[in-house]
Amino acid sequence: MLLIRLSGHAGAGKSRLLAALPRYGITCPRAILYTSRPAREGEMHGKDYYFLSRSAIKALPKADFYIGPVREMLQAVDLQQLENDLRASNLVIIEIFADLWPGLIKKLEKRLGEKI
């Protein structure tokens, strides 16, 4: 299983890179994270992120979601969906804040019982 992480500051080109991959024959699932920040112009709920309030993200079940702070907001990863995507395709791309990466990998490897 391969989980590719994209991390970088706002405006670094992460979204442009993701949009360009299919033009080069690279197709794989992309993990859609939950975020407490408001949608930016052109972003769509369920396509770019799931936009929820801080309280809604805090209320997500901890056994099924990896939740962490990103600056003044929260992000969450649906662990079951990510597990399903990894098992189905062996390659998934995730755009995640770099500080959340180590904890996510640790939680995923424990869930899956194998190294990512």
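Here the working numbering is used: the first residue of the sequence shown is 210, the next is one more, and so on.
Cβ atoms here follow ideal geometry from the backbone N, Cα and C, with glycine treated the same way.
Since the model is a prediction, treat every value here as computed from it, not as a measurement.
- Secondary structure note for Glu-304: its beta strand (DSSP E) is the uninterrupted segment 300–304.
- Ile-305 and Leu-211 do not touch by the CB rule: their CB atoms are close to 15 Å apart, not below 8 Å.
- By the Cβ test, the segment 299–315 is not in contact with the segment 261–274, since fewer than three Cβ pairs between them sit closer than 8 Å.
- In the structure shown, Arg-280 adopts coil according to DSSP, grouped into three states.
- Glu-323 and Pro-311 have their C-alpha atoms roughly 15 Å apart.
- For Ile-213, the enclosing beta strand (DSSP E) has its first and last residue at 211–215.
- Nearest Cα to Glu-292 within the set Pro-278, Leu-227, Ser-224, Ala-272: Ala-272.
- Of the candidates Gly-220, Arg-239, Ser-224, the residue whose Cα lies closest to the Cα of Ala-297 is Arg-239.
- In the DSSP assignment, Arg-232 falls outside any alpha helix (DSSP H) and carries neither an H nor an E.
- Excluding residues up to 5 positions away in sequence, Ser-216 lie with their Cβ nearer than 7 Å to the Cβ of Ala-307 in the same chain.
- Counting only the Cα atoms, Ile-266 lies some 15 Å from Arg-280.
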